[in-house]
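Undergrad: One structure coming up, written as structure tokens, with questions to follow.
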Amino acid sequence: MFLAFFTVICATATMSALYLKAHGVFSAIAMSASPGDQPVATTLPNRNAGPRVVHFLGASLFSRGTWLAALETALNQCGDPEHNASSGALPKNQISVTATPGENSTWGVEQLAEIFAPDRKAPDILIVGFSANDAALHRGITLNQSRRNLDEIIAQAQKSKTHVMLATLAPAFGPRKWVRPGLSAYKALYHDLADQYDGVDVIDTLPVWRTLSANQLRDAIPDGLHPTDETMRRLLLPILKEAISGKQKC
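Read in order, the letters of the sequence shown are residues -22 to -1, 1 to 228 in mature numbering (1 follows the signal peptide of the UniProt record, and there is no 0).
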């Protein structure tokens, strides 16, 4: 029984490796810098324009919990000093979301027509997070297809003068990582695209995850992929607030 199980595991690993090699994932891992070695949101958008619409496009982490509502509140508590001085009021940053659990960036491309509809105000900032599902062997896409999809998302956003931020979000471990053996390459792709395009930045959350012990990481991400809502509020909300507002403290 053990021998049969071991044989299946080896065969699965071999097939996964051949798949990843065929689609350039291993070469991308070798050529790309570790996402954790890169700065968080290097070139930030203009923040002197007052109220902003920030749109999140992604999957599970953008579709669940209360942390995005808390982020909107935090952004509005930060305010814009110049705006406040002239009007005495806080600007109203608005967060909107297009997200469905399990979807990848191919689905994301299909949502662009609605997000950038002519009768709808284009978002000022578009935050995109699909790397974990793009990398999944059971429902993901090749690295090359992921790049093409992100190219299309960026192109559409830039036509509407929308600033794009690519978010690496959470790490994966355990069985969730096993079915995403090329995940680091998909996250590194976000850095490649930020280097390639003006007006595109990376929100790299990997450094904050590295501060956690193994036990803390398991508590923060019980299923190995999806951080708890409390974790998103405590660890990721401050990073996103800084990236959007440009202020570490309010």
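In this text, a Cβ means the ideal position worked out from N, Cα and C, and glycines have one as well. Given the structure is predicted, the values throughout are model-derived calculations rather than measurements.
Residues bridged to residue 238 by DSSP?
TA: Outside the modelled stretch of the chain, which goes from -22 to 228, sits residue 238, for which no answer is possible.
Undergrad: Rounding to the nearest angstrom, what Cα-Cα distance links Ile103 and Thr140 in this structure?
TA: If you number the sequence shown from 1, residue 103 lands on position 125. If you number the sequence shown from 1, residue 140 lands on position 162. Cα to Cα, Ile103 sits roughly 5 angstroms from Thr140.
Undergrad: Taking the alpha-carbon of Pro216 as reference, which of Ser74, Ser191, Lys137, Asp182 has the nearest alpha-carbon?
TA: In the sequence shown, the residue the question calls residue 216 occupies position 238. Out of Ser74, Ser191, Lys137, Asp182, Asp182 has the C-alpha closest to the C-alpha of Pro216.
Undergrad: Quick check: the Cα distance between Arg196 and Arg30, rounded to an integer number of angstroms?
TA: Taking the sequence shown and counting its residues from 1, the one referred to as residue 196 is at position 218. Taking the sequence shown and counting its residues from 1, the one referred to as residue 30 is at position 52. Distance between the alpha carbons of Arg196 and Arg30: 35 angstroms.
Undergrad: Starting from Ala47, trace the alpha helix (DSSP H) both ways and give me its first and last residue.
TA: What you label residue 47 is simply residue 69 of the sequence shown in a count that begins at 1. Ala47 -> alpha helix (DSSP H) spans 45 to 56.
Undergrad: Report yes or no: do the region 40 to 56 and the region 119 to 126 share at least 3 C-beta pairs separated by less than 8 angstroms?
TA: no
Undergrad: Within 10 Å of its beta-carbon, does Val142 have 16 or more other beta-carbons around it, so buried, or fewer, so exposed?
TA: Working through the sequence shown from its first residue, we reach residue 142 at position 164. The residue is buried, with at least 16 neighbouring Cβ atoms inside 10 Å.
Undergrad: Count the other C-beta atoms from every protein chain shown that fall within 10 angstroms of the C-beta of Ala145, then say buried if there are 16 or more, exposed otherwise.
TA: The residue labelled residue 145 in the question sits at position 167 within the sequence shown. In the assembly as shown, Ala145 is a buried residue. Its beta-carbon has 16 or more other beta-carbons within 10 Å.
Undergrad: Report back the beta-carbon spacing between Pro101 and Ser74 to the nearest angstrom; my notes put them in contact at under 8 angstroms.
TA: Taking the sequence shown and counting its residues from 1, one reaches residue 101 at position 123. Taking the sequence shown and counting its residues from 1, one reaches residue 74 at position 96. With a Cβ gap of about 7 angstroms, Pro101 and Ser74 count as contacting.
Undergrad: Thinking C-alpha only, which one of Gly118, Leu46, Lys137 is nearest Arg154?
TA: Along the sequence shown, read from residue 1 onward, the residue named residue 154 stands at position 176. Selected option, being the one with the closest Cα: Gly118.
Undergrad: If you compare alpha carbons, which of His116, Arg212, Leu213 is closest to Pro159?
TA: Here residue 159 refers to the residue found at position 181 when the sequence shown is read from its first residue. Comparing Cα positions, the closest option is His116.
Undergrad: Check the DSSP bridge columns for Ser74 and list the partner residues they point to.
TA: Counting from one through the sequence shown, the residue named residue 74 turns up at place 96. Its beta-bridge partners are His33.
Undergrad: When DSSP labels each residue in this structure, what does Val106 get in the three-state scheme?
TA: Here residue 106 is taken as the residue at index 128 of the sequence shown, counted from 1. DSSP places Val106 in strand when its eight states are reduced to three.
Undergrad: Starting from the C-beta of Val87, find all residues in its chain whose C-beta is less than 8 angstroms away, skip the five residues before and the five after it, and write them out in chain order.
TA: The sequence position of residue 87 within the sequence shown is 109, counting from 1. Counting only residues of its own chain and dropping the five nearest sequence neighbours on each side, Val87 has a CB closer than 8 angstroms to the CB of Asn127, Glu130, Ile131.
Undergrad: Check for me: the alpha helix (DSSP H) holding Ser124 runs from which residue to which?
TA: For this step, residue 124 is matched to residue 146 along the sequence shown. Counting along the chain, the alpha helix (DSSP H) containing Ser124 begins and ends at 121 to 137.
Undergrad: For Gln89, report the span of its alpha helix (DSSP H) as first-last.
TA: As a working mapping, residue 89 is identified with position 111 in the sequence shown. Looking at the DSSP string, Gln89 is not in any alpha helix (DSSP H), and its letter there is neither H nor E.
Undergrad: What do you get for Asp179, buried or exposed, if any count of 16 or more other CB atoms within 10 angstroms of its CB means buried?
TA: Taking the sequence shown and counting its residues from 1, the one referred to as residue 179 is at position 201. With 16 or more other Cβ atoms inside 10 Å of its own Cβ, Asp179 counts as buried.
Undergrad: Quick one: Cα of Tyr175 to Cα of Thr44, how far?
TA: Taking the first residue of the sequence shown as position 1, residue 175 is located at position 197. Taking the first residue of the sequence shown as position 1, residue 44 is located at position 66. Between the alpha carbons of Tyr175 and Thr44 lies a gap of roughly 32 angstroms.
Undergrad: Relative to the alpha-carbon of Ala148, which residue among Thr206, Leu46, Glu92 has its alpha-carbon at the smallest distance?
TA: Mapped onto the sequence shown, residue 148 falls at position 170. Selected option, being the one with the closest Cα: Thr206.
Undergrad: Of the residues Asp97, Leu184, Gly36, which one's Cα is nearest the Cα of Val106?
TA: On the sequence shown, position 128 is the one that residue 106 refers to. Cα-wise, what sits closest to Val106 is Gly36.
Undergrad: Considering just the uninterrupted stretch of the alpha helix (DSSP H) at Pro153, what are its terminal residues?
TA: The sequence position of residue 153 within the sequence shown is 175, counting from 1. Per DSSP, Pro153 belongs to the alpha helix (DSSP H) from 153 to 156.
Undergrad: Which residues in the same chain as Thr209 place their Cβ atom closer than 6 angstroms to its Cβ, once the five residues preceding and following it in sequence are excluded?
TA: In the sequence shown, residue 209 corresponds to position 231, counting from 1. Ala198, listed in sequence order.
Undergrad: Assuming Leu203 and Ala150 are in contact, meaning their beta carbons sit under 8 angstroms apart, how far apart are those beta carbons, in whole angstroms?
TA: Your numbering for residue 203 matches position 225 in the sequence shown. Your numbering for residue 150 matches position 172 in the sequence shown. Rounded, the Cβ-Cβ distance is 5 angstroms, consistent with contact.
Undergrad: What are the start and end residues of the alpha helix (DSSP H) that includes Tyr164?
TA: Position 186 of the sequence shown, counted from the first residue, corresponds to residue 164. Tyr164 -> alpha helix (DSSP H) spans 161 to 174.
Undergrad: Could you please give the first and the last residue of the uninterrupted alpha helix (DSSP H) stretch that includes Glu81?
TA: As a first step, residue 81 is located in the sequence shown; it is residue number 103 there, counting from the start. Glu81 -> no alpha helix (DSSP H), and no H or E assigned at all.
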